Amino acid sequence: MLELKNISYTVKETGEDKGIIHDVSLTIQEGEFVAITGPNGGGKSTLAKIIVGIEKPTSGKIYYKGEDITEWSITERAKAGIGFAFQQPVRFKGITVKDLITLATGEKISTTDACAYLSEVGLCARDYINREVNGSLSGGELKRIEIATIIARKAQLSVFDEPEAGIDLWSFQNLIRVFEKMQEERTGSIVIISHQERILNTADRIVVIADGRIAEEGSREEILPKLLDASAPACSVLQEKTERQGR
Amino acid sequence: MDAIQKQLLEEVAGIHEIPQGAYNLRVNGEGAGRNTTEHIDIVTKTDKPGIDIHIRPGTKNESVHIPVLLSQSGLDDLVYNDFYIGEDADVTIVAGCGIHNAGSERTKHDGIHTFYLEKGARVKYIEKHYGSGDGNGERVMNPQTIVHMEKDSYMEMDTAQIKGVDSTDRLTKADLADGATLVIHEKIMTHGKQYAKTDFEVDLNGENCGANVISRSVAKEDSRQVFLSKINGNNKCMGHSECDAILMDNGSVSAIPEITANHLEASLIHEAAIGKIAGEQIIKLMTLGLTEAEAEAQIVNGFLK
Chain A
1 MLELKNISYT VKETGEDKGI IHDVSLTIQE GEFVAITGPN GGGKSTLAKI IVGIEKPTSG
61 KIYYKGEDIT EWSITERAKA GIGFAFQQPV RFKGITVKDL ITLATGEKIS TTDACAYLSE
121 VGLCARDYIN REVNGSLSGG ELKRIEIATI IARKAQLSVF DEPEAGIDLW SFQNLIRVFE
181 KMQEERTGSI VIISHQERIL NTADRIVVIA DGRIAEEGSR EEILPKLLDA SAPACSVLQE
241 KTERQGR
Chain B
1001 MDAIQKQLLE EVAGIHEIPQ GAYNLRVNGE GAGRNTTEHI DIVTKTDKPG IDIHIRPGTK
1061 NESVHIPVLL SQSGLDDLVY NDFYIGEDAD VTIVAGCGIH NAGSERTKHD GIHTFYLEKG
1121 ARVKYIEKHY GSGDGNGERV MNPQTIVHME KDSYMEMDTA QIKGVDSTDR LTKADLADGA
1181 TLVIHEKIMT HGKQYAKTDF EVDLNGENCG ANVISRSVAK EDSRQVFLSK INGNNKCMGH
1241 SECDAILMDN GSVSAIPEIT ANHLEASLIH EAAIGKIAGE QIIKLMTLGL TEAEAEAQIV
1301 NGFLK
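Laid out in structure tokens, this is it:
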């Protein structure tokens, strides 16, 4: 379905090249549900943006359904069936929730149809359908609307960048159900960037990315226990202290 | 009416034919039709060009259409229209001016509208300005709207100038008595070398009166816009003005707010934001399958909707 081949991505920072992604190769099978996890700043979001065309890799190739799409624009990739849910949903003055869902489906839809997508993400459609996607909505509401637009797209490959970020606990339960349902229905391949155990738990395969490289990759059964066991303190001072006390 | 005039009527009043209810149609500087109703009377002024519109107290759910259409090049049309809205009346007034200038001379319409809202009267005022025609002659509109609001009256103004007016200098003045509320939504889009100046002056004189002035505009190509808003809080009142503008190409927008509180309980706010379309908005719509140009158009349409 999707193949990333030796992808590297470098940015210029104070005149020097700084590598964000280093030679990453990854394949997503048709209908597969892959979770990408790893420490913050490890390059996960950049990789997602490279898949959907927001960033262009410095080197390497991207193949989608066997075709080289490395040079394709965001629009071309979207039209070919790649969807993307932003980590920070974009706000629009004047564009309503219904407008956005209509644009996502790519055809004229009834209010009832648009409402169905909102209900899936746990929003009472009647309260939201005619509201503008602007600052009057809370972070959690915007996030759920963002996810509803991706469901509405019925993409063959959907990429979600930290869908849990900024979502409250109540919404989180709904969100998990959304992903569990996607997993059951398998209408397309899914890539989710997440830190949440319950989301990782819905994946077929987990890829751990750290320092711009694939640190580990394998089935959920293989990787998830390792991640949960790896309870080493993140703070090196604390780690040293623990070690001293252990002595 | 000929086809061009019909098209202008559609653009400024959203209707194809003669409107329902009370109306006064002005075409090329002359009266072209009028209808009055039991509750709404329209009388031609005798001292200067224009009409007086009298709406009886308690009139409910009626509308008045007063479109002005100009399709001759070189006309300079000036009218004074006065609206007297009786106590507790609740009406919709649709004004608007369309100029089709296919010639090389300037065509100009200046509509001076004065509203007198009696106690408890409610008015929804819709005004659209539109220009068309491929001549070199300028299409100019300099409207003035003066609103006097008595106790507990309410006025909502929706004004739009979306296309084809080369130069506009609009002035809106209002004074509000106790408990009166004024809400203004203005939309302006300029392109080419157009110039639009819009000037609001609101005196919040009465206790618990309030005004909300919201302007959304898009300045494309080499066009220029100036937004001035002056709100004076002379009593316990609420005043809010907001100028939100999208810049494209070489467009230029100035927002000049002035809020003056002359009373301890006056609460006044001004907000202004001017800038190009956020890159992330375009990217988001591109991820939904729109091209960059389609995304831009969608954002502008939504913004001015």
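Residue numbers (my numbering), protein chains in the order written: chain A, 1 to 247; chain B, 1001 to 1305. Ideal Cβ placement from N, Cα and C applies to all residues, glycine included. Computed from a predicted structure; not experimentally measured.
Q: Return the residues of the region 94-123 of chain A that lie within a Cβ-Cβ distance of less than 7 Å from chain B, sorted by chain order.
A: Within the region 94-123 of chain A, the residues whose Cβ lies closer than 7 Å to some Cβ of chain B are Gly94, Ile95, Asp99, Leu103, Ala104, Gly106, listed in chain order.
Q) With a cut-off of 8 Å, do at least 3 Cβ pairs link the region 1141-1158 of chain B to the region 1069-1076 of chain B? A) Result no; under three Cβ-Cβ pairs closer than 8 Å.
Q: Have a look at Lys1193(B), Tyr1023(B), Ala1174(B) and flag the residue whose alpha-carbon is nearest the alpha-carbon of Gly1164(B).
A: Checked all of Lys1193(B), Tyr1023(B), Ala1174(B); the closest Cα to Gly1164(B) is Lys1193(B).
**Q.** Residues of its chain near Ala1225(B), where Cβ-Cβ distance is below 8 Å and the 5 sequence neighbours each way are ignored
**A.** Checking the sequence, you will find Gln at residue 1225(B) rather than Ala. Within the same chain, Ile1188, Thr1190, Tyr1195, Ala1196, Lys1197, Thr1198, Ser1217, Ala1219, Ala1245, Gly1251, Ser1252, Val1253, Ser1254 come within 8 Å of Gln1225(B) by CB-CB distance, once the 5 residues on both sides are set aside.
Q. Do we get a CB-CB distance below 8 Å when we pair Gln1281(B) with the residues of chain A?
A. Under the Cβ criterion of 8 Å, Gln1281(B) is counted among the residues facing chain A.
Q | Buried versus exposed call for Pro225(A) [16 or more other C-beta atoms within 10 Å across all chains shown] | A | Pro225(A) is exposed by the Cβ-count criterion.
Q | Unbroken stretches of the beta strand (DSSP E), 3 residues or longer, contained in the region 96-136 of chain A | A | Counting only runs of 3 or more, we get nothing.
Q) For Ile1274(B), which residues from the same chain have a beta carbon less than 6 Å from its beta carbon, with the 5 sequence-adjacent residues on both sides left out? A) Closer than 6 Å at the Cβ level, and outside the excluded window around Ile1274(B), lie Ala1245, Val1253.
Q: Pick helix, strand or coil for Glu16(A), following the three-state DSSP scheme.
A: The three-state reading of DSSP puts Glu16(A) in strand, counting E and B together.
Q) Quick one: which chain B residues come within Cβ less than 9 Å of Lys56(A)? A) Residues of chain B passing the Cβ test: none, with the nearest at roughly 13 Å.
Q) Between the region 1273-1289 of chain B and the region 90-103 of chain A, do three or more beta carbon pairs fall short of 8 Å? A) Flag = yes, the region 1273-1289 of chain B and the region 90-103 of chain A touch.
Q) Which residues in chain B sit within 9 Å of Lys79(A), going by Cβ to Cβ distance? A) Neighbours of Lys79(A) on chain B, chain order: Gly1289.
Q. Thr149(A) CB to nearest chain B CB: under 8 Å?
A. Closer than 8 Å: yes.
Q) Which full runs of the beta strand (DSSP E) of 3+ residues lie inside the region 1254-1279 of chain B, going along the chain? A) Counting whole runs of 3 or more residues, the region 1254-1279 of chain B contains the beta strand (DSSP E) stretches 1266-1275.
Q | First and last residue of the uninterrupted alpha helix (DSSP H) at Leu47(A) | A | That run of the alpha helix (DSSP H) goes 44-52.
Q: Drop a sphere of 10 angstroms on the beta-carbon of Gly1120(B), count the other beta-carbons inside from all chains shown, and report buried for 16 or more, exposed for fewer.
A: So Gly1120(B) ends up on the buried side.
**Q.** Chain-ordered chain B contacts of Thr75(A) [CB-CB under 7 Å]
**A.** In chain order: Met1286, Gly1289, Leu1290, Thr1291.
Q.
To the nearest angstrom, how far is the alpha carbon of Cys1097(B) from that of Arg1139(B)?
A. Taking the straight line from one Cα to the other gives about 11 Å.
Q: For Phe160(A), go through chain B and note every residue whose CB falls closer than 7 Å to its CB, in chain order.
A: What Phe160(A) touches in chain B: nothing, since even the nearest Cβ is about 12 Å away.
(Q) Given this structure, state the Cα-to-Cα distance separating Val208(A) from Arg220(A), to the nearest angstrom. (A) Between Val208(A) and Arg220(A), the C-alpha separation is close to 11 Å.
Q: If I'm right that Lys1151(B) touches Gly1133(B) with Cβ under 8 Å, what's the distance once you round it to whole angstroms?
A: Between Lys1151(B) and Gly1133(B) a beta carbon distance of about 45 Å is seen, past the 8 Å cut, so the two are scored as non-contacting.
(Q) Using a Cβ-Cβ cutoff of less than 8 Å, which residues in the same chain neighbour Thr1046(B) once the five nearest sequence positions on both sides are dropped? (A) Counting only residues of its own chain and dropping the five nearest sequence neighbours on each side, Thr1046(B) has no CB closer than 8 Å to any other CB.
Q | Ordered list of alpha helix (DSSP H) runs contained in the region 160-234 of chain A, each at least 4 residues | A | Within the region 160-234 of chain A, the complete alpha helix (DSSP H) runs of at least 4 residues are 169-185, 197-200, 220-229.
Q) Does the beta-carbon of Ala1293(B) have 16 or more other beta-carbons within 10 angstroms, so that it is buried, or is it exposed? A) Result: exposed.
Q: Determine the direct distance from the alpha carbon of Glu185(A) to that of Gly31(A), and round the result to whole angstroms.
A: Taken atom to atom, the span from the alpha-carbon of Gly31(A) to that of Glu185(A) is near 9 Å.
Q: Please list the residues of the region 1227-1241 of chain B that have a C-beta atom closer than 9 Å to any C-beta atom in chain A, keeping them in chain order.
A: Taking 9 Å as the cut-off between beta carbons, none of the residues of the region 1227-1241 of chain B comes near chain A.
Q) Do you know offhand how far Asp211(A)'s Cα is from Gly19(A)'s? A) C-alpha separation (whole angstroms): 9 Å.
Q. Name the chain B residues whose beta carbon is nearer than 9 Å to that of Phe86(A)?
A. Proximity of chain B to Phe86(A) at the Cβ level (cut-off 9 Å) is accounted for by Glu1280, Ile1283, Lys1284, Thr1287, in chain order.
Q. Assuming Ile82(A) and Leu157(A) make a contact with CB atoms under 8 Å, what is their CB distance in whole Å?
A. Their Cβ separation, rounded to whole angstroms, is 5 Å, which keeps Ile82(A) and Leu157(A) in contact under 8 Å.
Q) Does the region 1011-1027 of chain B come within contact of the region 1080-1100 of chain B, defined as at least 3 CB pairs closer than 8 Å? A) Counting Cβ pairs under 8 Å, three or more are found: they touch.
Q | Per DSSP, cross-strand counterpart(s) of Glu3(A) | A | Residue pairing from DSSP places Glu3(A) in a beta bridge opposite Thr27(A), Tyr63(A).
Q.
Do Ala1211(B) and Leu1264(B) count as a contact pair if the criterion is CB distance below 8 Å?
A. With contacts defined as CB atoms closer than 8 Å, Leu1264(B) and Ala1211(B) fail to qualify as a contacting pair.
Q | Bridge-paired residues (DSSP) for Ile1184(B) | A | Per DSSP, Met1157(B), Val1213(B).
Q. Taking three-plus beta-carbon pairs below 8 Å as touching, is the region 55-71 of chain A in contact with the region 2-16 of chain A?
A. With a cut-off of 8 Å, the region 2-16 of chain A and the region 55-71 of chain A count as touching, because enough Cβ pairs lie within range.
Q. Quick one: is Asp1244(B) near chain A, going by C-beta distance under 8 Å?
A. Under the 8 Å criterion on CB atoms, Asp1244(B) is classed as interfacial with respect to chain A.
Q.
With a threshold of 7 Å (Cβ to nearest heavy atom), would Ala1255(B) be considered close to the ligand PLP?
A. You won't find the ligand PLP in this model; it holds no ligand whatsoever.
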